[in-house]
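One structure below.
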Amino acid sequence: MALGPCPPPPGPGRGTSAPSLHSPHPSASPPEPRCGRSPLPSPQFSHTPACGELLPESGFEAVWEGPRHDGRPHGQPDNRSQPMQEILKRGRVGGPDPTLLHLSDSCCRLSGSFRWTQKTFPTQGDSAITHLLYRMIFLTALPLFWIMISASRGGHWGAWMPSSISAFEGTCVSIPCRFDFPDELRPAVVHGVWYFNSPYPKNYPPVVFKSRTQVVHESFQGRSRLLGDLGLRNCTLLLSNVSPELGGKYYFRGDLGGYNQYTFSEHSVLDIINTPNIVVPPEVVAGTEVEVSCMVPDNCPELRPELSWLGHEGLGEPAVLGRLREDEGTWVQVSLLHFVPTREANGHRLGCQASFPNTTLQFEGYASLDVKYPPVIVEMNSSVEAIEGSHVSLLCGADSNPPPLLTWMRDGTVLREAVAESLLLELEEVTPAEDGVYACLAENAYGQDNRTVGLSVMYAPWKPTVNGTMVAVEGETVSILCSTQSNPDPILTIFKEKQILATVIYESELQLELPAVSPEDDGEYWCVAENQYGQRATAFNLSVEFAPVLLLESHCAAARDTVQCLCVVKSNPEPSVAFELPSRNVTVNESERGFVYSERSGLVLTSILTLRGQAQAPPRVICTARNLYGAKSLELPFQGAHRLMWAKIGPVGAVVAFAILIAIVCYITQTRRKKNVTESPSFSAGDSPAVLFSSDFRISGAPEKYESKEVSTLDSH
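If you count by the working numbering, then the sequence shown holds residues 34 to 750, one letter each, in order.
Pasting the structure below:
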């Protein structure tokens, strides 16, 4: 396994970034490494070392496996030699990172591979989360390492550095950096320049570091130096005593001499901070264990931070996790605090302090615990009774964190809602429609609670509604339902012409059954509802439809040379009437206005046929009435002298007879009107029906009753 180029302390290599905007071969990879430093290895893997390679010491043992030294050049193993194990000489490097080991020079004469074996981690502060984080670092670092190795093969312009890095004010920061250039370029000396906030020299950006002249911007005087070896394509930069004005973008420019100069578009953004980063889970729920972490940057090889917790008494004991490598090669120190919060811990101020030994530098950060818990309704009305039109107030209060969303609801309909500790529902001039059960719902992201209250509105009955068949055919059964609403329930009664037909006590519905209805059931009915708060009534009409019935009043009368015939019909719906003169093969109907005059009163229709010039014997007249339920016919009898005496009476007698007939008709009509007015309360004396000359014209108004006996009729035509 080959290693990438040696980055400077504190961290090993990093993943590849986007190629330079000016790169002639954007997709190319960096060259084969000459010197390297391994990332955190897996619990056990092998690796072929490079001369002068830096290896991790902490937590690992390195054992050499390979053929015995035989003087061959490095990379040419003698397969005939017997394997052996040689424990490497181990000694700390005098550089800035004491956690690394340097291979002895004898490795240059060896050929084989290392076997790394993971040692047991320190038990102090040990936890399942700690081991899990280490495993995550291993799983993250190894694929990243392989990406770096595969990207390093080739030889094209490119640079790799963390996109962002942070440091405490007054400390230092090491920005890891590697670069590459085409293999065909073989510079005798490699130089480099670091720029601040701009990659273009023509813009005269502040020079952070310049290997040729050591001339830098005044802000970086004595504060910048190169940790990496440019000859090994390592451009790692160290900034000391950093201050806020040094925060910004840093660009590297490679200088291989002549025209072989290249400013890489890749850059690193430096952030100068003054407080540790306390990470509190977004959901700190009472009764559930939480983990709070304190993270600080550890990118200064000269100053290492130490972490301590402030205000954690009574919460739990901290566990120091240690130094962790981030994805882009930067490092952080992490300390964890595990505890089970209670409601009383809500608002507790928890702090983390980062200090640097042998200095006065101290940085503190604080976070207030926001302990979440579900709402509990603590205030609510009991059941409420109110009279219609009065004012009602319903109160609901709850305790929770965060404050709950309080909602007043009725039958699934939201009446009022607000994020608050209490919510008042005002009902002005309550109506029966507001009677019912009201629910208060309190909820937040961690739970909910609800309670209900009943509101009873007392009110008089509503105007009753009547449902059922209002039009029926003679002989059918009619069912009529009368219903209302009130509180308390009313007494319901149905009557007709002051006669009680049905009644029920303390019910909201009343059913009326009329079996085999007849024309006598036609008319007006009343439904009355009553309780202690008031009374309401509704009238309705039942219309009974039946076939025409010819009444006894139907007849003919002769006067001199004129004959008048009356055909009186009771029917619903209104019939069509026709007069037939069989001897003359003539039929006269209502459309013949010169001969027929019609008048309707209630269910009774009176049609009058006038025939003039009847000096001879009067003809036979048959009256036929027809509607959709059938037809009835009747030969109209003559009243007065025998028809044979008709010719003897003469013109004078005819005039007298006609006057008498008119008087009789007027008398009968007037008598019928008075009788109908007496029988029907809905008919007034002033409602005189209009004279009809055609069955196409109808009288408006309520139907009236007509009492008369039927007569025998002829068969229907």
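C-beta: ideal position from N, C-alpha, C; glycine also.
Keep in mind it's a predicted model, so treat the numbers as computed, not measured.
Which residues in the same chain have their Cβ closer than 6 Å to the Cβ of residue i, if we skip the five residues on either side of it in sequence?
i, result
"alanine 580", "Tyr662, Gly663"
"glutamate 418", "Ser489"
"tyrosine 399", "Arg382, Gly384"
"valine 325", "Val313, Leu370"
"valine 329", "Pro309, Pro338, Gln366, Ala387"
"alanine 562", "Pro494, Pro497, Thr517, Pro523, Leu525, Arg569"
Give me the residue from the options with the minimum Cα distance to residue i.
i, options, result
"valine 206", "Val302, His250, Ala692, Asp213", "Val302"
"isoleucine 420", "Tyr479, His371, Tyr492, His381", "Tyr492"
"alanine 387", "Leu336, Glu450, Gly480", "Leu336"
"tryptophan 190", "Thr485, Asp213, Val602", "Asp213"
"glutamate 202", "Ala472, Asn230, Gly280", "Gly280"
"valine 506", "Pro552, Thr485, Ser326", "Pro552"
"alanine 192", "Tyr295, Thr502, Pro234", "Tyr295"
"valine 409", "Tyr479, Glu467, Glu461", "Tyr479"
"valine 577", "Val511, Pro351, Pro315, Leu340", "Val511"
"glutamine 254", "Pro314, Met328, Val275", "Val275"
"serine 455", "Ile701, Val325, Val654, Asn414", "Asn414"
"aspartate 304", "Ser426, Arg266, Ser197, Val367", "Ser197"
"glutamate 251", "Ile533, Ile695, Phe628, Val241", "Val241"
"proline 351", "Pro338, Cys327, Val365, Trp364", "Cys327"
"asparagine 574", "Leu370, Ser519, Thr498, Leu614", "Thr498"
"alanine 592", "Leu545, Pro338, Phe671", "Phe671"
"glutamate 316", "Gly646, Leu547, Asn434", "Asn434"
"asparagine 618", "Arg653, Leu357, Pro277", "Arg653"
"serine 587", "Glu412, Leu669, Leu458", "Leu669"
"glycine 344", "Ser257, Gly380, Val582", "Gly380"
"leucine 218", "Gly261, Lys405, Tyr292", "Tyr292"
Using C-beta distances below 8 Å, list every residue in its chain close to residue i, excluding the 5 sequence neighbours before and after it, in chain order.
i, result
"leucine 25", "Examination of residue 25 is not possible in this model, given that the chain is present from 34 through 750 alone."
"valine 447", "Thr440, Trp441"
"serine 423", "Glu462, Val463"
Decide if residue i is buried, meaning its Cβ has at least 16 other Cβ atoms within 10 Å, or exposed.
i, result
"alanine 692", "exposed"
"glutamate 359", "buried"
"asparagine 500", "exposed"
"asparagine 391", "exposed"
"cysteine 6", "The structure shown has nothing for residue 6, since the chain only spans 34 to 750."
"aspartate 1", "No information on residue 1 is available, as it lies outside the stretch 34 to 750 that the chain covers here."
"alanine 549", "exposed"
"proline 374", "buried"
"histidine 300", "buried"
"glutamine 565", "exposed"
"isoleucine 533", "exposed"
"glycine 635", "buried"
"valine 222", "exposed"
"arginine 211", "buried"
"serine 616", "exposed"
Give me the Cα-Cα distance between residue i and residue j, rounded to the nearest whole angstrom.
i, j, result
"aspartate 403", "valine 470", "36 Å"
"leucine 599", "threonine 571", "39 Å"
"valine 637", "glycine 567", "40 Å"
"threonine 308", "proline 334", "19 Å"
"lysine 282", "leucine 271", "14 Å"
"threonine 595", "cysteine 589", "11 Å"
"glutamate 632", "leucine 642", "12 Å"
"asparagine 310", "proline 215", "42 Å"
"glycine 487", "proline 407", "25 Å"
"serine 199", "phenylalanine 389", "16 Å"
"glycine 320", "glutamate 377", "11 Å"
"valine 601", "isoleucine 697", "14 Å"
"serine 666", "proline 521", "57 Å"
"serine 341", "glutamine 247", "40 Å"
"glutamate 509", "aspartate 555", "13 Å"
"leucine 460", "serine 426", "6 Å"
"lysine 603", "isoleucine 701", "16 Å"
"serine 728", "valine 629", "Note that serine 728 scores 33 on pLDDT, short of 50, meaning its location in the model is unreliable and no value can be drawn from it."
"lysine 11", "glutamate 540", "Since the displayed the chain opens at 34 and closes at 750, residue 11 lies outside it and no answer follows."
"phenylalanine 229", "proline 238", "6 Å"
"isoleucine 695", "leucine 585", "18 Å"
Quick one: is residue i near chain C, going by C-beta distance under 8 Å?
i, result
"glutamate 557", "In the structure shown, chain C does not exist; there is a single protein chain."
Please list, in chain order, all residues of the same chain as residue i whose beta carbon is under 7 Å from its beta carbon, the five residues on each side excluded.
i, result
"glycine 225", "Ser244, Leu263, Cys268, Phe285, Arg286, Gly287, Asp288"
"arginine 168", "In this prediction, arginine 168 has a pLDDT of 46, which is less than 50 and means its spatial position is unreliable; what the coordinates show is noted afterwards. Closer than 7 Å at the Cβ level, and outside the excluded window around arginine 168, lies no residue."
"histidine 750", "With a pLDDT of 37 at histidine 750, under the threshold of 50, the modelled position of this residue cannot be trusted, and the question is left open."
"glutamate 476", "Pro408, Pro437, Leu438"
"methionine 751", "Summary: the structure shown does not reach residue 751, with the chain confined to residues 34 through 750, and so no result is reported for it."
Is the stretch 595 to 613 touching the stretch 653 to 662, taking contact as three or more C-beta pairs under 8 Å?
Under the three-pair Cβ rule at 8 Å, the stretch 595 to 613 counts as touching the stretch 653 to 662.
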